[in-house]
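Residue numbers (the numbering used here): 54 to 856. Inspection log for the structure reproduced underneath, given as structure tokens.
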DNA sequence: CATTAAAACATG
DNA sequence: ATGTTTTAATGG
């Protein structure tokens, strides 16, 4: 007898273990570890993942697998092992780890339907008529009609049954193909046998006869011959045509031409940097490289040529980029070099498109994957390199379970395949740079820009000074002057608005009242298009008050300049300027992002105005001025990384200027011009920033000197939350060494979300082998309370967001 | 003692 | 997570 160990699709602590199932004889030898199966679980049917096969089970009773959902495993043995590691290090459920590795389209969909077994006179009339009209009544239908109770009775009486359905969300797309059913000579006979009236049918047959391929898309045949589906159907009926459904991929880049490029000759510094990488590929040796190079120093060409070598070895490559839909230029470079060998995975694709790209990888139809965070799980089996571009980006950390970091995950996979990892950045994360300093990673530097282009000149403007001079607009005199100058010269400008930190809120000028969410301790955000105040945490919404609810004053001010407002002001000050605005509002529609960029690239606009999303990957030759409207909004968020983030962002934005022949200029407007992150970003001096920031981190006992783990506890009752956090803090403290620093319990920076009070405990540590075990037992112990007392405990190992 | 709601339990 | 069983609470 064959038995399969299965992880079931129920994300809960109690079910986070293997359940054994008998493999029916007909599937023996077919069902493999890594496959999805449908299994009975209690009274229902659910999806599960086979993790192992055995000959016997210690379980008292065994049920049988209902059916496999895959013909081949969707998770290879290496990925199954990686899931174990993910579960262990991020303290998530095994099922969550599996699901994170697969495209969302493969998540199971569950449906409950009632079916009539035998009608009885005693039945509810409404119910009978519903069953008369429908074969099945879905659970939702029954709920809406208020028939659930009645149906439950009928099920009990065995006159109806409740059926649990499991389906995969993802649908393979297929198209109808048409071909001739008979060989030529037989066909001739049949054609003669056709009545003279069947002109159209004859047309179709001769069209197909003339075609080179045996099967043609039905749509094409109908268009070309001017016939309708009826004609085809008739021919199929007569046995003259065959119809087949052929699976096709949804190709998001279908109508795009990518000009093929050849490897460029490397500069000396690129040569020096790439040599160790090629060496590591050659020796099949795992090593992590930190490729530290300023913007425009030619990192991408190093990526491309390293991959080239990997492909020559018959291996595969993964390239991670922060958010690829935002950097179409990156896709172009990879598609341009490796053509159809490239699959692309990013959030701009539909679920179906992602599923198709994933299947291309699984079927080994591509060799290179370019994608966002989750692409680190691309199901390759002969990996030769993993590249993480802009490795400092925080989007590489997933903020829901499993809370993994793509960088650590990539390194774990690379260890298995004994292949190199390249971390590329102009402003490496402090963690990575410190590791490079210690020799954990090998540091590769590209200190100079290609063709020794000068870095842009940066001017830091003190906005307090502007105010003192009576300038109350959002443009400093310096920026405005330069802006006008560029307009005259016909050169382009990028205006960057950093809205993270405090987004637009409203405040009463008389009493200082700020509209806050009634369920969360956070101010509401103003949304212009709907003229509503919204809470970004719980979704609460209310119209903007016309008078202050506190003091009835009518002096209500909108704070936190939005892009829209900047656009309006630009329109007033420089009516002749053509402005392209890019933010969440203007790029929400699919493809609009690229369209706007295209517009700007073609010179149809003078000014590109936007938020975060324009900081990355723009490379247009005509941009000679970059303006940062308020550099310090991010500095004030309570996060030990705020200086680092500010520095990274400013450096990155500045890098947009003057990447080609024309010299670039940058204007940074700030209220805190003396802050080292702003000063040093102005000088583009990463090394000095690293030194100064390391001192701060050391003083605060923060990474990279200490690791962090954050425990967040929430409860509807403030006291319950705080006292539970206190107990947890003590419990943890008692089990760790004296080296560990434990902060808490303290209220979270956002003390209440959705009417739940939040407390936290922050653990700073260097080496605590027992920590994961301790945290696990905390969660275990408190899941019990979760059910009865409404307590929620969440653990984030190596958190990025401390709120 | 019946009815209903809440808590405990099991899921192979 | 979710459906079932057990236990407790409510009310006559």
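The beta-carbon is built from N, C-alpha and C at its ideal position, and this holds for glycine as well. Just so it is clear, the structure is predicted and the values come from calculations on it, not from any experiment.
The alpha helix (DSSP H) runs lying completely inside the stretch 302–348 and spanning 4 residues or more are 321–336, given in chain order. Using a Cβ distance threshold of 8 Å, residue 326 and residue 373 do not count as a contacting pair.
Taking the CA atoms as reference points, residue 197 sits about 20 Å from residue 162. Excluding sequence positions up to five before and after residue 351, its CB lies within less than 6 Å of the CB of 323, 503, all in the same chain and listed in chain order. Cβ-Cβ separation between residue 87 and residue 128: approximately 4 Å, consistent with a contact (criterion under 8 Å). With 16 or more other Cβ atoms inside 10 Å of its own Cβ, residue 730 counts as buried. The C-beta distance from residue 466 to residue 135 rounds to 6 Å, short enough to meet the 8 Å contact threshold. Within the model, the alpha-carbon separation for residue 646 versus residue 620 is close to 18 Å. Membership of residue 777 in the alpha helix (DSSP H) is indicated by the continuous run 771–788. In this structure, residue 441 and residue 459 form a Cβ contact; the two beta carbons are roughly 7 Å apart against a cut-off of 8 Å. Residues of the same chain with a CB within less than 7 Å of the CB of residue 278, apart from the 5 flanking positions on each side, are 256, 257, 260 in chain order. Taking every protein chain shown into account, the CB of residue 283 has fewer than 16 other CB atoms within 10 angstroms, so this residue is exposed. Under the 10 Å beta carbon count, residue 316 is surrounded by fewer than 16 other beta carbons and is classified as exposed. Here the C-alpha atom of residue 508 lies approximately 43 Å from the C-alpha atom of residue 568. Comparing alpha-carbon positions, the option among 719, 633, 61 lying closest to residue 534 turns out to be 719. Just measuring C-alpha positions, the residue of 845, 321, 118, 770 sitting nearest residue 497 is 321. A straight-line Cα-Cα distance of about 36 Å links residue 137 and residue 771. By the Cβ test, the stretch 507–523 is not in contact with the stretch 783–803, since fewer than three Cβ pairs between them sit closer than 8 Å. In this chain, the alpha helix (DSSP H) harbouring residue 704 covers 695–707.
Contact annotation, residue 707 with residue 454: C-beta distance approximately 36 Å; criterion of less than 8 Å not satisfied. Cα atoms of residue 416 and residue 125: separation of roughly 10 Å, rounded to the nearest angstrom. DSSP lists 92 as the bridge partner or partners of residue 99.
Between residue 216 and residue 186, the CB-CB gap reaches or exceeds 8 Å.
In the structure shown, the three-state DSSP call for residue 801 is strand. Counting other Cβ atoms within 10 Å of its Cβ, residue 147 reaches 16 or more and is therefore classed as buried.
Following the DSSP letters along the chain, one finds residue 768 inside the beta strand (DSSP E) bounded by residues 760–768.
Per DSSP, the unbroken beta strand (DSSP E) holding residue 191 starts and ends at 189–191. By the Cβ neighbour-count rule, residue 59 is buried, with 16 or more other Cβ atoms within 10 Å of its own.
For residue 502, there is no enclosing beta strand (DSSP E), as DSSP marks it with neither H nor E. Taking all protein chains in view, the Cβ of residue 263 is surrounded by fewer than 16 other Cβ atoms within 10 Å, so the residue is classified as exposed.
Counting only unbroken stretches of 4 or more residues, the alpha helix (DSSP H) elements lying wholly within the stretch 110–164 are 130–143, 147–154, in sequence order. For residue 854, the secondary structure class from DSSP, reduced to helix, strand or coil, is coil.
The stretch 335–347 and the stretch 385–394 do not touch, with fewer than 3 CB-CB distances between them shorter than 8 Å. Under the DSSP definition of a beta bridge, residue 356 lacks any partner. DSSP places residue 460 in the uninterrupted alpha helix (DSSP H) bounded by 459–470. Your pair residue 849 and residue 796 does not check out as a contact, with CB atoms roughly 14 Å apart and the cut at 8 Å.
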